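Participant: Next up is a structure, given as structure tokens.
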């Protein structure tokens with residue numbers, strides 16, 4: 107199960123979080139109260155040049171001091187604050203959500219390392235070596251808000267309606283592989299990439315070991331994490347256009363590739379042979395986003411539902427049409443994407 | 272002082288009431304187990320190898336064969352095999368030869384690995400209704416794909432793929448040379464492999480003309496003896512394999528006795544009739560990884576970089592480091608042959624005591640290649656003791672791209688694993704060059720057995736993948752999460768990098 111919904115305003119017009127909260131709650135049949143979360147692009151216009159680091163702390167003593175020491179080694183903390191929350195009767199507080207607006211020192215890791223490399227290093231370091239701290243969001247001008255709870259409780263807890271952004275992703279979780287915990291709730295984020303996912307990635311073992319050979323460390327105990335890393339590897343590190351990166355994750359079947367015209371066939375064969383270990387198997391419907399837009403895709407035989415709809419500048423991608431209709435009554439075009447066929451919406 | 276005879280291994284009996292004196296048993300047994308005296312068939316059980324040819328050919332089912340109970344005083348340490356090996360060696364003073372694979376009683380690790388299946392949270396996929404992709408490309412892959420986006424938005428591919436073998440199944444047939452096995456056996460294997468869209472190895476005995484029709488499905492081998500190797504041979508193969516070692520006898524060479532080198536074998540191997548064909552233990556131009564790299568590139572240069580070049584090694588203690596060196600030598604695939612690999616003839620002591628199991632070797636190699644960041648660029652082929660589709664599936668989950676089968680393919684031709692291949696009298700016409708025996712194997716019929724076997728296993732792999740919710744072989748490769756260790760010790764599970772049964776995700 108699990109329910110996903112996402113929206114982009116292609117003109118860049120901001121939307122507040124109230125509508126998506128209602129849409130996500132509509133899909134409570136798809137969750138079990140053990141995880142929900144929201145991502146918003148454009149959340150922090152005042153700190154748009156800074157990396158917004160979102161963490162869970164178990165306490166504000168030991169882990170926080172070690173994390174800050176690590177952060178200060180590689181850059182400057184501009185703002186350090188508790189993420190505003192309001193207690194909810196049904197939501198058990200397990201961690202303290204914290205955020206930093208952070209700027210890494212360029213070249214602090216040497217001439218070849220980029221800011222992104224520094225952030226990935228920090229994320230690996232915190233999540234594998236600092237007990238009591240979990241860094242789960244590292245993007246610029248992106249806010250990720252998640253917890254174990256029902257969508258409406260998580261939204262109220264973080265006061266989602268107070269945030270505004272030009273694209274939103276939200277997720278209602280019914281965990282099966284791992285128990286519900288705050289870190290395992292979606293969305294997953296790595297730098298500019300954010301992922302929500304419905305399904306189970308049966309190729310996880312292959313994908314994880316492939317990613318590990320590039321230095322990624324999977325620490326969230328869930329298969330969704332690999333999607334964010336795979337996208338980062340293919341689209342950022344290997345500089346593939348998003349369409350091709352998604353093709354690597356859910357490539358056409360060989361029979362279809364064999365029937366293609368030569369140029370297309372060569373492209374698809376090359377992608378599939380080079381990135382066979384990045385191919386994601388099993389049932390999934392995912393939406394991946396970066397600051398340029400959102401893209402929804404299902405597995406190659408569409409074992410999970412995905413619906414897309416348009417209304418003016420807005421593109422919606424969700425598990426259910428009904429959820430989209432909660433957000434927008436006047437849809438102009440609504441369709442079910444074919445298996446493995448990406449739906450992409452970009453900011454103009 | 273003579274040691275005297277040892278008890279026969281088998282007891283053969285004829286039901287005289289059933290026997291109709293057709294003499295099929297006499298005709299079919301090249302070991303001379305049967306003879307006729309008057310109106311009876313008499314049996315010399317001592318000659319029997321347990322090859323079952325007589326049983327298969329008896330029209331009246333009149334023959335019974337059983338392993339003879341040990342007639343020695345029982346002893347847990349000094350087993351019958353241990354004692355008889357000493358008797359044999361005391362008589363001959365020579366190295367004791369043995370056929371087929373390791374016979375020691377150690378449980379295959381494969382049997383202690385269990386596969387996963389989907390239930391509820393994740394649907395299993397039905398291969399009868401949904402596409403299931405087992406196509407496997409063997410060869411070098413680019414570490415990344417480079418493209419450029421033109422001003423009109425068109426994406427242009429800059430990366431060019433190296434030549435790969437396209438296999439419709441991850442099952443290939445390993446190298447068994449003409450000489451070690453008969454031409455009819457090779458023809459059956461080649462046609463069977465071609466029918467399934469896969470490949471077979473020539474072994475080191477050259478490529479006989481009659482195999483030319485199947486050359487697009489054959490991997491030609493360059494072993495230390497360099498038998499039959501010339502530019503025509505290299506160009507005919509779909510790929511080239513350099514054999515450094517094999518699982519049944521790591522660290523030693525090969526030896527085809529002169530008696531087996533008839534006119535035809537001589538022509539194919541390019542050696543004189545009746546001369547011993549000796550493959551030295553090392554290649555005499557390879558004494559280091561650099562030398563190997565030169566040969567890899569030399570063979571590529573000779574064939575204009577149009578063919579993948581594989582390197583086959585036996586699974587030994589530092590197999591991972593060796594494989595990593597090979598992976599970075601321009602080789603397109605590393606073949607690893609485990610200690611259960613079969614062979615026509617190996618010193619018994621090597622067959623049973625040298626090398627390591629393929630399961631551990633594949634896991635270690637896959638891990639090392641990943642650490643060195645080259646796993647994705649080179650293919651890994653596992654061989655040596657693959658008995659069924661479950662073994663294939665587990666080998667791939669541990670990290671292999673594909674497997675070679677050897678003994679299993681011979682069994683599909685009738686081989687009963689009697690282990691007497693080195694005597695050249697194979698009653699099934701497989702491991703022999705004697706014309707009356709090779710004539711027993713009709714390649715026009717037997718290729719279907721080979722093809723059926725590969726097809727059957729391929730269907731089973733598809734079912735196993737579907738049960739695990741996987742519809743492309745790429746997602747099975749190295750997917751150790753789909754395995755659990757059962758009654759394996761912790762150290763071994765660490766090497767295999769699998770969790771124990773009962774451990775969740």
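Chains as they are written, first to last, in this note's numbering: chain A, 107 to 454; chain B, 272 to 776. For every residue, glycine included, the Cβ atom is placed at its ideal position computed from N, Cα and C. Small disclaimer: the values here were computed from a predicted structure and weren't measured.
Going along the chain, which residues of its own chain have a beta-carbon closer than 7 Å to the beta-carbon of residue 338 of chain B, five neighbours each way excluded?
Facilitator: Closer than 7 Å at the Cβ level, and outside the excluded window around residue 338 of chain B, lie 280 and 281.
Participant: Should the stretch 229-248 of chain A be regarded as contacting the stretch 126-142 of chain A, the criterion being three or more beta carbon pairs within less than 8 Å?
Facilitator: With a cut-off of 8 Å, the stretch 126-142 of chain A and the stretch 229-248 of chain A do not count as touching, because too few Cβ pairs lie within range.
Participant: Residue 204 of chain A bridges to which residues according to DSSP?
Facilitator: Partner(s): A/161 and A/188.
Participant: What in chain B is Cβ-close to residue 150 of chain A, meaning under 8 Å?
Facilitator: In chain order: nothing, as chain B lies at least about 30 Å away.
Participant: Compare the C-beta of residue 376 of chain A against all C-beta atoms of chain B and say whether one is closer than 8 Å.
Facilitator: With 8 Å as the cut-off, residue 376 of chain A counts as an interface residue toward chain B.
Participant: Spatial neighbours of residue 307 of chain B within its chain, please: C-beta separation below 8 Å, excluding the five flanking residues on both sides.
Facilitator: 292, 294, 297 and 313, listed in sequence order.
Participant: Quick one: what's residue 464 of chain B bridged to in DSSP?
Facilitator: Answer is none; residue 464 of chain B lacks a bridge partner.
Participant: In this structure, how does DSSP classify residue 115 of chain A when only helix, strand and coil are distinguished?
Facilitator: Here residue 115 of chain A sits in strand by DSSP.
Participant: Using a Cβ-Cβ cutoff of less than 6 Å, which residues in the same chain neighbour residue 63 of chain A once the five nearest sequence positions on both sides are dropped?
Facilitator: Residue 63 of chain A is absent from the structure shown; chain A starts at 107 and stops at 454.
Participant: Within the 8 Å Cβ cut-off, does residue 373 of chain A reach chain B?
Facilitator: It does: the Cβ of residue 373 of chain A has a partner Cβ on chain B nearer than 8 Å.
Participant: Applying a beta-carbon distance threshold of less than 8 Å, which residues of chain A neighbour residue 741 of chain B?
Facilitator: Near residue 741 of chain B (Cβ distances below 8 Å), the residues of chain A are 308, 309, 387 and 388.
Participant: What is the C-beta distance between residue 225 of chain A and residue 210 of chain A, in whole angstroms, given that I count them as a contact (C-beta under 8 Å)?
Facilitator: With a Cβ gap of about 7 Å, residue 225 of chain A and residue 210 of chain A count as contacting.
Participant: Since residue 399 of chain A and residue 453 of chain A are thought to touch, with beta carbons under 8 Å apart, how far apart are those beta carbons, to the nearest angstrom?
Facilitator: The Cβ separation is near 6 Å, so the contact holds.
Participant: Under 7 Å between beta-carbons, which chain B residues line up against residue 355 of chain A? List them in chain order, please.
Facilitator: Within chain B, no residue comes near residue 355 of chain A; the closest Cβ sits about 11 Å away, beyond 7 Å.
Participant: Let's test the definition: count the other Cβ atoms within 10 Å of the Cβ of residue 444 of chain A and tell me whether it reaches 16, buried, or not, exposed.
Facilitator: It counts as exposed.
Participant: Considering only residues of the same chain and omitting the five flanking positions on each side of residue 430 of chain B, which have a CB-CB separation below 7 Å?
Facilitator: Result list for residue 430 of chain B: 413, 416 and 417, in chain order.
Participant: Counting only Cβ pairs nearer than 7 Å, list the residues of chain B close to residue 282 of chain A.
Facilitator: Those are 392, listed as they occur along chain B.
Participant: According to the neighbour-count rule (16 or more other Cβ atoms, all chains shown, within 10 Å of its Cβ), is residue 289 of chain B buried or exposed?
Facilitator: Exposed: under 16 other Cβ atoms inside 10 Å.
Participant: For a test of the three-state rule: what should DSSP assign to residue 263 of chain A, helix, strand or coil?
Facilitator: The answer is helix: DSSP assigns residue 263 of chain A an H, G or I state.
Participant: Please list the segments of the alpha helix (DSSP H) lying wholly inside the stretch 246-302 of chain A, counting only runs of 4 or more residues, in order along the chain.
Facilitator: You should have 257-264.
Participant: Beta-carbon within less than 6 Å of residue 724 of chain B's beta-carbon, same chain only, minus the 5 sequence neighbours each way: which residues are those?
Facilitator: For residue 724 of chain B, where only same-chain residues beyond five positions count, the Cβ hits under 6 Å are 683.
Participant: Along the stretch 406-433 of chain B, where does the CB come closer than 7 Å to a CB of chain A? Name the residues.
Facilitator: Answer set for the stretch 406-433 of chain B: 406, 408, 412, 413, 415, 416, 418, 420, 426, 428, 430 and 432.
Participant: Can you name, in chain order, every residue of its own chain whose Cβ lies under 8 Å from the Cβ of residue 665 of chain B, other than the five neighbours on each side?
Facilitator: Closer than 8 Å at the Cβ level, and outside the excluded window around residue 665 of chain B, lie 381, 384, 386, 630 and 754.
Participant: Report the start-end ranges of each alpha helix (DSSP H) in the stretch 534-603 of chain B that is 4 residues or longer and not cut off at the edges.
Facilitator: The stretch 534-603 of chain B contains these whole alpha helix (DSSP H) runs: 534-540, 560-573 and 590-598.
Participant: Do we get a CB-CB distance below 8 Å when we pair residue 292 of chain A with the residues of chain B?
Facilitator: Chain B, which has no Cβ nearer than 8 Å to the Cβ of residue 292 of chain A, makes this no.
Participant: Looking only at C-alpha atoms, which of B/713, B/747 and B/752 sits nearest to residue 460 of chain B?
Facilitator: Out of B/713, B/747 and B/752, B/713 has the C-alpha closest to the C-alpha of residue 460 of chain B.
Participant: Take residue 560 of chain B as the anchor and find which of B/513, B/528, B/549 and B/531 has the nearest alpha-carbon.
Facilitator: The candidate whose alpha carbon is nearest that of residue 560 of chain B is B/513.
Participant: To the nearest angstrom, how far is it from the Cα of residue 252 of chain A to the Cα of residue 443 of chain B?
Facilitator: Approximately 49 Å, taken between the alpha carbons.
Participant: At what residues does the alpha helix (DSSP H) containing residue 660 of chain B begin and finish?
Facilitator: Looking at the DSSP string, the run of the alpha helix (DSSP H) that includes residue 660 of chain B is 660-669.
Participant: Kindly give me the distance between the Cβ atoms of residue 256 of chain A and residue 137 of chain A, rounded to whole angstroms, as I take these residues to be in contact under 8 Å.
Facilitator: Confirmed, Cβ separation roughly 7 Å.
Participant: Taking the beta carbon of residue 727 of chain B as the centre, do at least 16 other beta carbons fall within 10 Å, making it buried, or is it exposed?
Facilitator: So residue 727 of chain B ends up on the exposed side.
Participant: Would you say residue 407 of chain A reaches chain B, if we count a Cβ-Cβ gap shorter than 8 Å as a contact?
Facilitator: Chain B contact via Cβ: present.
Participant: Under three-state DSSP, which class holds residue 109 of chain A?
Facilitator: Residue state, collapsed to three classes: strand.
Participant: Nearest chain B C-beta to residue 361 of chain A closer than 8 Å, yes or no?
Facilitator: Judged by the 8 Å Cβ criterion, residue 361 of chain A is in contact with chain B.
Participant: Can you list, in chain order, the residues of its chain whose CB lies under 6 Å from that of residue 184 of chain A, leaving out five sequence neighbours each side?
Facilitator: Contacts found: 156 and 207.
Participant: If residue 392 of chain A and residue 303 of chain A are in contact, beta carbons under 8 Å, what's the gap, nearest whole angstrom?
Facilitator: Contact holds; Cβ gap of about 5 Å.
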